[in-house]
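*Asks:* Position 507 of the sequence shown, counting from 1, maps to 507 under our numbering, and the rest follow consecutively. I'd like to ask some things about the structure below.
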Amino acid sequence: MIENRNGLWPWAVAAILGVGVGARLVQVTGDGFGYDDYALMEGVDGPFGQYARAGAYLLPTRLVCWLVYRLLGGELWCFLLPAVLVGVGTLFVVREGLARHWPERFELHAVVLGLLAFSTHGLYVSGYASVTYAVSFFVACWLFFVFLTLAERDFGRREAVAHALLFVPAAFFSNVTILVPVGVGGAAALAVRLVREPGMRGVGPVVRALASMWPLAVFFVVHAALWYAFPFANLGHDARPDMRAYFLASSGFSDGGVLGVARFVVHGGLIMILQAFRQSVDGVLTMRGNLMMLKILAGVCAGCVAVVAFSRLGDGRLSRRALFVWAYLILLFVVTAAGGVAGVFPYGNLRYADALLLPMCVALATTFSPVQRVQPDVSRSTAAVVCLAVAAFGVFLVFRNHDELVRVRESNHSVLTVVRKADVPHIFYAAFQRPVLLARAPEIVRDGVPMGWGAVYGQTAPAEAALAVLDALPPAVIVIAPSRHSFDTAYSAYAEAFAQRGYRLTKYKDGANIWAAMFEWIGDEPPEWNAAPGR
Numbered sequence: 001m002i003e004n005r006n007g008l009w010p011w012a013v014a015a016i017l018g019v020g021v022g023a024r025l026v027q028v029t030g031d032g033f034g035y036d037d038y039a040l041m042e043g044v045d046g047p048f049g050q051y052a053r054a055g056a057y058l059l060p061t062r063l064v065c066w067l068v069y070r071l072l073g074g075e076l077w078c079f080l081l082p083a084v085l086v087g088v089g090t091l092f093v094v095r096e097g098l099a100r101h102w103p104e105r106f107e108l109h110a111v112v113l114g115l116l117a118f119s120t121h122g123l124y125v126s127g128y129a130s131v132t133y134a135v136s137f138f139v140a141c142w143l144f145f146v147f148l149t150l151a152e153r154d155f156g157r158r159e160a161v162a163h164a165l166l167f168v169p170a171a172f173f174s175n176v177t178i179l180v181p182v183g184v185g186g187a188a189a190l191a192v193r194l195v196r197e198p199g200m201r202g203v204g205p206v207v208r209a210l211a212s213m214w215p216l217a218v219f220f221v222v223h224a225a226l227w228y229a230f231p232f233a234n235l236g237h238d239a240r241p242d243m244r245a246y247f248l249a250s251s252g253f254s255d256g257g258v259l260g261v262a263r264f265v266v267h268g269g270l271i272m273i274l275q276a277f278r279q280s281v282d283g284v285l286t287m288r289g290n291l292m293m294l295k296i297l298a299g300v301c302a303g304c305v306a307v308v309a310f311s312r313l314g315d316g317r318l319s320r321r322a323l324f325v326w327a328y329l330i331l332l333f334v335v336t337a338a339g340g341v342a343g344v345f346p347y348g349n350l351r352y353a354d355a356l357l358l359p360m361c362v363a364l365a366t367t368f369s370p371v372q373r374v375q376p377d378v379s380r381s382t383a384a385v386v387c388l389a390v391a392a393f394g395v396f397l398v399f400r401n402h403d404e405l406v407r408v409r410e411s412n413h414s415v416l417t418v419v420r421k422a423d424v425p426h427i428f429y430a431a432f433q434r435p436v437l438l439a440r441a442p443e444i445v446r447d448g449v450p451m452g453w454g455a456v457y458g459q460t461a462p463a464e465a466a467l468a469v470l471d472a473l474p475p476a477v478i479v480i481a482p483s484r485h486s487f488d489t490a491y492s493a494y495a496e497a498f499a500q501r502g503y504r505l506t507k508y509k510d511g512a513n514i515w516a517a518m519f520e521w522i523g524d525e526p527p528e529w530n531a532a533p534g535r
């Protein structure tokens with residue numbers, strides 16, 4: 001329970017928790033036509049063994065989806081619900097962790113929870129059917145407070161056993177990327193104790209401290225077993241268009257030598273900061289060409305926070321907890337950046353480094369506390385006004401976010417409506433859209449022509465592969481592919497490939513996550529390509 005200390009702040013924390021929960025619950029109304037969401041629905045009504053083998057390396061997520069189908073049904077919201085509930089649980093885990101380690105700092109609780117409640121990343125993983133991303137964020141936040149404890153003392157024997165038992169399911173349902181914060185957090189906790197405890201200078205105390213961390217090894221054992229049983233090379237592969245920017249070799253910075261590496265690290269770091277603190281409803285700012293301004297602002301803020309923190313460290317005013325927060329945060333950035341440079345870890349997307357989010361929030365809140373030590377005798381009327389303002393602003397953001405989810409869902413479905421109304425017998429569809437079409441427009445999968453992964457993953461020319469199955473070139477074709485906002489390279493590749501075969505783009509419909517275009521045959525005339533409106 002939230003106790004009535006420091007006046008209005010406990011109630012502000014309660015209001016933030018309330019609107020944060022609401023922001024997550026509305027995620028079940030979304031339908032982004034995501035490949036992962038719908039691919040998990042395919043075959044879920046069959047035996048578990050057959051369903052699991054279809055994507056064995058996703059065994060934890062497929063296990064959850066298989067159980068959800070049998071408990072709740074096969075609608076999309078049923079598969080989104082587990083991630084939403086995990087996202088709600090994350091807020092309360094953070095709240096309890098802050099109460100344990102900063103019991104008197106309700107203003108810190110309000111700032112941290114306020115940043116988490118509406119962060120783009122926090123809402124994203126809370127509305128993603130691949131529940132392992134939501135669980136990974138949950139576990140990363142929980143481990144942050146575990147590491148804070150390890151930075152102060154060793155685990156007791158029973159405490160270590162209890163954590164080891166809890167870490168088994170936590171590791172199983174987390175992504176392999178959780179191993180990075182596990183290793184970094186243990187190292188940061190040990191480093192803080194070496195700096196702040198004179199008794200840790202000898203070999204014996206260090207060995208005992210390391211021995212007490214043995215439960216963390218559970219994560220490495222579980223993921224080693226999963227990788228041995230279901231090997232995959234997806235994480236460190238930069239061939240996917242949506243991953244290329246996160247590895248130095250394919251990011252466009254590799255030709256710049258040392259300066260290029262530095263630019264890659266700074267660029268990826270600023271993007272992750274923006275993902276952490278940009279509101280879920282202000283994505284329109286980045287759509288209007290203001291991304292550079294936001295990057296500059298994020299860089300200035302990060303620099304100011306670092307200067308203040310290091311000045312406090314220099315004069316000894318940084319507490320042990322604050323020292324751990326900064327050690328953990330800096331080490332995480334260094335390790336993830338090194339992984340991106342070396343080509344083994346994607347750097348520049350918070351989805352693969354979500355352990356950074358909570359320490360960034362805490363670092364901001366502990367470094368700049370303009371509201372520290374607020375008068376405890378704030379009047380009830382003032383407290384009520386502040387809390388109502390927080391709640392009203394939060395409810396406004398929740399409704400704005402819900403409206404955006406509805407807009408995305410309707411724009412996606414409108415593309416299929418237009419395709420159904422078109423009198424064109426030959427419909428080609430990309431493999432990336434097959435799971436969506438199988439659920440929302442099965443007649444297209446039944447009667448249409450699959451084009452494979454072609455333009456999405458740069459494998460084969462889509463027009464050659466698709467038109468080769470036809471006896472004669474049809475007068476008109478419709479192509480269904482991922483939205484150009486998601487895969488702009490695929491959009492261009494399809495258009496150019498069909499243009500080279502003698503087709504011209506005459507109509508198109510672009511939804512939030514799906515794109516459909518009509519190409520008409522222009523005979524023996526030279527291929528002609530005119531950019532569609534809006535390009």
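Where is the CB? At the ideal position from N, CA and C, for every residue including glycine. Remember, it's a predicted structure, so these values are computed and weren't measured experimentally.
What are the start and end residues of each continuous alpha helix (DSSP H) run of 4 or more residues lying completely inside the segment 27 to 113, in chain order?
*Replies:* 35 to 41, 48 to 53, 59 to 71, 76 to 101
*Asks:* Taking C-alpha atoms, which residue in I478, L143, S411 lies nearest to V424?
*Replies:* In the sequence shown, residue 424 corresponds to position 424, counting from 1. Ranked by how close their Cα comes to the Cα of V424, the residues I478, L143, S411 have I478 in first place.
*Asks:* Anyone know if the C-beta pair for Y347 and G268 falls short of 8 angstroms?
*Replies:* Residue numbering aside, residue 347 sits at position 347 when the sequence shown is read from its first letter. Residue numbering aside, residue 268 sits at position 268 when the sequence shown is read from its first letter. Cβ distance < 8 angstroms, so Y347 and G268 count as in contact.
*Asks:* Decide yes or no for the touch test of the segment 203 to 221 against the segment 160 to 174: beta carbon pairs closer than 8 angstroms, at least 3 of them.
*Replies:* The way I'd put it, the segment 203 to 221 does touch the segment 160 to 174; three or more beta-carbon pairs between them come closer than 8 angstroms.
*Asks:* Counting C-beta neighbours from all protein chains within 10 Å, is the total for Q500 16 or more, i.e. buried, or is it exposed?
*Replies:* Against the sequence shown, residue 500 aligns to sequence position 500. So Q500 ends up on the exposed side.
*Asks:* Give the single residue among L438, L116, G34 whose Cα lies nearest to the Cα of V88.
*Replies:* By one-based count along the sequence shown, residue 88 stands at place 88. For the residues L438, L116, G34, the minimum Cα distance to V88 belongs to L116.
*Asks:* Expressed to the nearest angstrom, what Euclidean distance is found between the alpha-carbon atoms of F33 and A52?
*Replies:* Numbered from its first residue, the sequence shown carries residue 33 at position 33. Numbered from its first residue, the sequence shown carries residue 52 at position 52. Computed Cα separation, rounded: 22 angstroms.
*Asks:* When you compare the segment 188 to 195 with the segment 323 to 337, are there three or more beta-carbon pairs, one atom per stretch, that lie closer than 8 angstroms?
*Replies:* yes
*Asks:* Among V111, H402, A430, which one has its Cα closest to the Cα of P554?
*Replies:* Given a span of 1 to 535 for the chain in the structure shown, any question on residue 554 remains unanswerable.
*Asks:* Could you tell me which residues DSSP pairs with M213 in its beta bridges?
*Replies:* Walking along the sequence shown from the start, residue 213 turns up at place 213. According to DSSP, which records beta bridges pairwise, M213 is partnered with nothing at all.
*Asks:* Going along the chain, which residues of its own chain have a beta-carbon closer than 7 angstroms to the beta-carbon of Q275, five neighbours each way excluded?
*Replies:* Counted from its first residue, the sequence shown places residue 275 at position 275. Around Q275: T120, H121, L350.
*Asks:* Considering only their Cβ atoms, is the gap separating Y35 from F432 smaller than 8 angstroms?
*Replies:* Start at 1 with the first residue of the sequence shown, and residue 432 comes out as number 432. Start at 1 with the first residue of the sequence shown, and residue 35 comes out as number 35. Contact flag set, yes.
*Asks:* Starting from A355 and walking both ways along the beta strand (DSSP E), at which residues does that stretch end?
*Replies:* Here residue 355 corresponds to residue number 355 of the sequence shown, with the count starting at 1. Per DSSP, A355 belongs to no beta strand (DSSP E) and is neither H nor E.
*Asks:* Taking only the alpha-carbon atoms, compute the straight-line gap between I480 and A495 and give it to the nearest angstrom.
*Replies:* Locating residue 480 in the sequence shown gives position 480, where the first residue counts as 1. Locating residue 495 in the sequence shown gives position 495, where the first residue counts as 1. Roughly 11 angstroms between the two C-alpha positions.
*Asks:* For M41, which of P60, G18, G74 has the nearest alpha-carbon?
*Replies:* Here the question's residue 41 lines up with position 41 in the sequence shown. Of the candidates P60, G18, G74, the one whose C-alpha sits nearest the C-alpha of M41 is G74.
*Asks:* Can you list, in chain order, the residues of its chain with a C-beta nearer than 7 angstroms to that of C361? Leave out the 5 residues immediately preceding and following it.
*Replies:* The residue labelled residue 361 in the question sits at position 361 within the sequence shown. Around C361: V112, L115, L116.
*Asks:* Is the segment 121 to 135 close to the segment 80 to 99, with three or more CB pairs under 8 angstroms?
*Replies:* Yes, the segment 121 to 135 is in contact with the segment 80 to 99.
*Asks:* Is DSSP giving Y347 helix, strand or coil here?
*Replies:* Locating residue 347 in the sequence shown gives position 347, counting from the first residue. Three-state result, Y347: coil.
*Asks:* Quick one: any contact between the segment 501 to 515 and the segment 406 to 420, if contact means 3 or more CB pairs under 8 angstroms?
*Replies:* Counting Cβ pairs under 8 angstroms, three or more are found: they touch.
*Asks:* Quick one: using the 10 Å Cβ neighbour count with 16 as the cut-off for buried, is L356 buried or exposed?
*Replies:* As a first step, residue 356 must be located in the sequence shown, where it is residue number 356. By the neighbour-count rule (16 or more Cβ atoms within 10 Å), L356 is buried.
*Asks:* Does the segment 174 to 184 come into contact with the segment 393 to 405, if we say contact requires no fewer than three beta-carbon pairs (one atom in each stretch) closer than 8 angstroms?
*Replies:* no
*Asks:* Going by alpha carbons, who is nearest to D354 out of A262, W142, F324?
*Replies:* Position 354 of the sequence shown holds residue 354. Of A262, W142, F324, the residue nearest in Cα terms is W142.
*Asks:* Leaving out five residues on either side along the sequence, give the residues of the same chain with a beta carbon under 8 angstroms from the beta carbon of W214.
*Replies:* Taking the sequence shown and counting its residues from 1, one reaches residue 214 at position 214. The residues are A160, A164.
*Asks:* Who are the Cβ neighbours of G26 in its own chain at under 7 angstroms, not counting the five residues just before and after it?
*Replies:* To locate residue 26, count along the sequence shown from 1; it is residue 26. Residue identity differs from the one stated: residue 26 is Val in this sequence, not Gly. Excluding positions up to five away in sequence, the list reads V398, N401, H402, L405.
*Asks:* Report the residue from P450, R321, E197 whose alpha carbon sits nearest the alpha carbon of F147.
*Replies:* Numbered from 1 along the sequence shown, position 147 holds the residue referred to as residue 147. Here the closest residue by C-alpha is R321.
*Asks:* Which term fits A516, buried or exposed, when burial requires 16 or more other beta carbons within 10 angstroms of its beta carbon?
*Replies:* As a first step, residue 516 is located in the sequence shown; it is residue number 516 there, counting from the start. Under this definition A516 is a buried residue.
*Asks:* Since V192 and A151 are thought to touch, with beta carbons under 8 angstroms apart, how far apart are those beta carbons, to the nearest angstrom?
*Replies:* Counting from one through the sequence shown, the residue named residue 192 turns up at place 192. Counting from one through the sequence shown, the residue named residue 151 turns up at place 151. So it is a contact: roughly 4 angstroms between Cβ atoms.
*Asks:* Grab the span of the alpha helix (DSSP H) containing T336 for me, first residue to last.
*Replies:* Taking the sequence shown and counting its residues from 1, the one referred to as residue 336 is at position 336. T336 -> alpha helix (DSSP H) spans 320 to 342.
*Asks:* Buried or exposed: Y503, going by 16 or more other Cβ atoms within 10 Å of its Cβ?
*Replies:* Position 503 of the sequence shown, counted from the first residue, corresponds to residue 503. Taking every protein chain shown into account, the CB of Y503 has 16 or more other CB atoms within 10 angstroms, so this residue is buried.
*Asks:* According to DSSP, what are the bridge partners of R504?
*Replies:* Sequence index remark: in the sequence shown, residue 504 carries index 504 (1-based). DSSP lists E520 as partners of R504.
*Asks:* Going along the chain, which residues of its own chain have a beta-carbon closer than 7 angstroms to the beta-carbon of H101, five neighbours each way excluded?
*Replies:* Residue 101 sits at position 101 when you count from the first residue of the sequence shown. Annotation for H101: F145, L148, R321 place their beta carbon closer than 7 angstroms to its own, counting only its chain and skipping 5 residues before and after.
*Asks:* Look at the alpha carbon of A430 and the alpha carbon of L438, and state the distance between them as a whole number of angstroms.
*Replies:* Locating residue 430 in the sequence shown gives position 430, counting from the first residue. Locating residue 438 in the sequence shown gives position 438, counting from the first residue. C-alpha separation (whole angstroms): 12 angstroms.
*Asks:* Where are the alpha helix (DSSP H) runs, 4 residues long or more, that stay fully inside the segment 147 to 232, in chain order?
*Replies:* 157 to 172, 179 to 196, 203 to 212, 217 to 229
*Asks:* From which residue to which residue does the alpha helix (DSSP H) around V479 run?
*Replies:* Against the sequence shown, residue 479 aligns to sequence position 479. From DSSP, V479 is part of no alpha helix (DSSP H) but of the beta strand (DSSP E) over 476 to 482.
*Asks:* Comparing alpha-carbon positions, which option in V19, V94, A209, M200 lies nearest G156?
*Replies:* For the purposes of this step, residue 156 is taken as the residue at position 156 of the sequence shown. Checking every option, the nearest Cα to that of G156 belongs to A209.
*Asks:* What do you get for L323, buried or exposed, if any count of 16 or more other CB atoms within 10 angstroms of its CB means buried?
*Replies:* To locate residue 323, count along the sequence shown from 1; it is residue 323. Classification of L323: buried, given that the 10 Å Cβ count is 16 or more.
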